[in-house]
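Residue numbers (our numbering): 1 to 290.
Here a beta-carbon is modelled for each residue, glycine too, at the ideal position from N, C-alpha and C.
Since the model is a prediction, treat every value here as computed from it, not as a measurement.
Have a look at the structure below, then the notes.
Structural data, given as structure tokens:
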């Protein structure tokens, strides 16, 4: 299956066939629709066709990275990309959003190649959201030498005296919500390392130094999950997770150090201290409180 004559997030490229971002997000939507139908007890050819179409959508992939022959394996933005092979130019984050926020699974080398190539060809005066997506990608890969620059650029479009995001460093659309939202995501999903999965929250936080801000501690003071409110604090070597409050019908929550498989139940007001690294928070059986 193909999508022809579309425009993905990169507004410099139109019309194109089989935009990587467009096909990936469509596949997610089709699979979600089929899954929702199953959960609600619906069946039939129309729902199975959703899955067939999702699996049949092309996600462009190539072995040779344009202008960077030393890199092998990346996702072209669309079929036939780039149209200008000697000087490709992209307006804003597009294909680099496959890994986050879309969650497309790929080898870390491929993700690194995507980020390296598109960072070099993306318009430096493009919309503010772009740098936030690069920052999250570099955080994810633990390439902290590169994450700091992208993180700084993610809020460079903030205009004083009111701290309002402009579309570009020199102006453009005022109160550019996607730019502000992009920066917010670097904090919620970048510096915390959080990913929302089907049956758990996953965390792999970078050290505070990865932001390049001089911070020695990063704290997400309050976030909600399954009826409970929690807190995360990260330093260079340690991460702490604390259950702040819970509702009567909320399930028990467990935090697990995925490196050691150490799993502990979270108790209100008691911080669990772990080595900074991959962690999950998931539910156990509901605890009915009376």
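Rounded distance between the beta-carbons of residue j and residue i, thought under 8 Å
{"i": "residue 239", "j": "residue 220", "result": "11 Å between Cβ atoms; not a contact."}
{"i": "residue 68", "j": "residue 117", "result": "6 Å"}
{"i": "residue 102", "j": "residue 46", "result": "24 Å between Cβ atoms; not a contact."}
{"i": "residue 251", "j": "residue 284", "result": "6 Å"}
{"i": "residue 311", "j": "residue 147", "result": "Residue coverage of the chain in this structure runs from 1 to 290, which leaves residue 311 outside it and unanswerable."}
For residue i, the nearest candidate out of the options (CA to CA)
{"i": "residue 245", "options": "107, 266, 235", "result": "266"}
{"i": "residue 157", "options": "187, 2, 81, 170", "result": "170"}
{"i": "residue 275", "options": "269, 268, 236", "result": "236"}
{"i": "residue 64", "options": "82, 147, 47", "result": "82"}
{"i": "residue 150", "options": "44, 137, 131", "result": "131"}
{"i": "residue 23", "options": "87, 98, 38, 178", "result": "98"}
{"i": "residue 211", "options": "167, 144, 203, 270", "result": "144"}
{"i": "residue 259", "options": "204, 283, 227", "result": "204"}
{"i": "residue 273", "options": "257, 282, 261, 147", "result": "257"}
{"i": "residue 277", "options": "7, 249, 262, 270", "result": "262"}
{"i": "residue 79", "options": "87, 255, 58", "result": "58"}
{"i": "residue 279", "options": "11, 233, 268, 270", "result": "233"}
{"i": "residue 51", "options": "270, 11, 32, 62", "result": "32"}
{"i": "residue 72", "options": "11, 95, 112", "result": "112"}
{"i": "residue 122", "options": "139, 141, 77", "result": "77"}
{"i": "residue 226", "options": "30, 139, 197", "result": "197"}
{"i": "residue 202", "options": "167, 282, 168", "result": "282"}
{"i": "residue 30", "options": "70, 1, 17", "result": "1"}
{"i": "residue 104", "options": "137, 70, 86", "result": "137"}
Residue i versus residue j: straight-line alpha-carbon distance, rounded
{"i": "residue 13", "j": "residue 190", "result": "28 Å"}
{"i": "residue 74", "j": "residue 182", "result": "24 Å"}
{"i": "residue 107", "j": "residue 230", "result": "31 Å"}
{"i": "residue 26", "j": "residue 216", "result": "40 Å"}
{"i": "residue 21", "j": "residue 44", "result": "29 Å"}
{"i": "residue 371", "j": "residue 186", "result": "Because residue 371 is not part of the residues shown, which for the chain are 1 to 290, the question remains open."}
{"i": "residue 120", "j": "residue 114", "result": "10 Å"}
{"i": "residue 178", "j": "residue 188", "result": "15 Å"}
{"i": "residue 37", "j": "residue 176", "result": "37 Å"}
{"i": "residue 3", "j": "residue 15", "result": "11 Å"}
{"i": "residue 49", "j": "residue 155", "result": "43 Å"}
{"i": "residue 60", "j": "residue 39", "result": "31 Å"}
{"i": "residue 253", "j": "residue 243", "result": "8 Å"}
{"i": "residue 84", "j": "residue 54", "result": "30 Å"}
{"i": "residue 184", "j": "residue 152", "result": "13 Å"}
{"i": "residue 109", "j": "residue 19", "result": "21 Å"}
{"i": "residue 180", "j": "residue 173", "result": "12 Å"}
{"i": "residue 41", "j": "residue 199", "result": "21 Å"}
{"i": "residue 35", "j": "residue 241", "result": "32 Å"}
{"i": "residue 8", "j": "residue 271", "result": "44 Å"}
{"i": "residue 5", "j": "residue 96", "result": "21 Å"}
{"i": "residue 66", "j": "residue 100", "result": "23 Å"}
{"i": "residue 209", "j": "residue 166", "result": "27 Å"}
{"i": "residue 255", "j": "residue 140", "result": "20 Å"}
{"i": "residue 70", "j": "residue 10", "result": "25 Å"}
Residue i at chain B interface by Cβ criterion, 8 Å
{"i": "residue 17", "result": "Among the chains in the structure shown there is no chain B, since it carries only a single protein chain."}
DSSP three-state assignment for residue i, whether helix, strand or coil
{"i": "residue 147", "result": "helix"}
{"i": "residue 257", "result": "strand"}
{"i": "residue 51", "result": "helix"}
{"i": "residue 130", "result": "helix"}
{"i": "residue 114", "result": "helix"}
{"i": "residue 138", "result": "helix"}
{"i": "residue 280", "result": "strand"}
{"i": "residue 180", "result": "helix"}
{"i": "residue 92", "result": "coil"}
{"i": "residue 14", "result": "coil"}
{"i": "residue 185", "result": "helix"}
{"i": "residue 82", "result": "coil"}
{"i": "residue 58", "result": "coil"}
{"i": "residue 97", "result": "helix"}
{"i": "residue 239", "result": "strand"}
{"i": "residue 70", "result": "coil"}
{"i": "residue 6", "result": "strand"}
{"i": "residue 102", "result": "coil"}
{"i": "residue 171", "result": "strand"}
{"i": "residue 38", "result": "helix"}
{"i": "residue 30", "result": "helix"}
{"i": "residue 271", "result": "strand"}
**Message:** If contact is defined by three or more beta carbon pairs under 8 Å, each pair taking one atom from either stretch, is the region 76-96 in contact with the region 115-130?
**Reply:** yes
**Message:** Under 8 Å, with one C-beta from each stretch per pair, do the region 162-169 and the region 219-237 reach the 3-pair mark?
**Reply:** Between the region 162-169 and the region 219-237, the count of Cβ pairs shorter than 8 Å is below three; the stretches do not touch.
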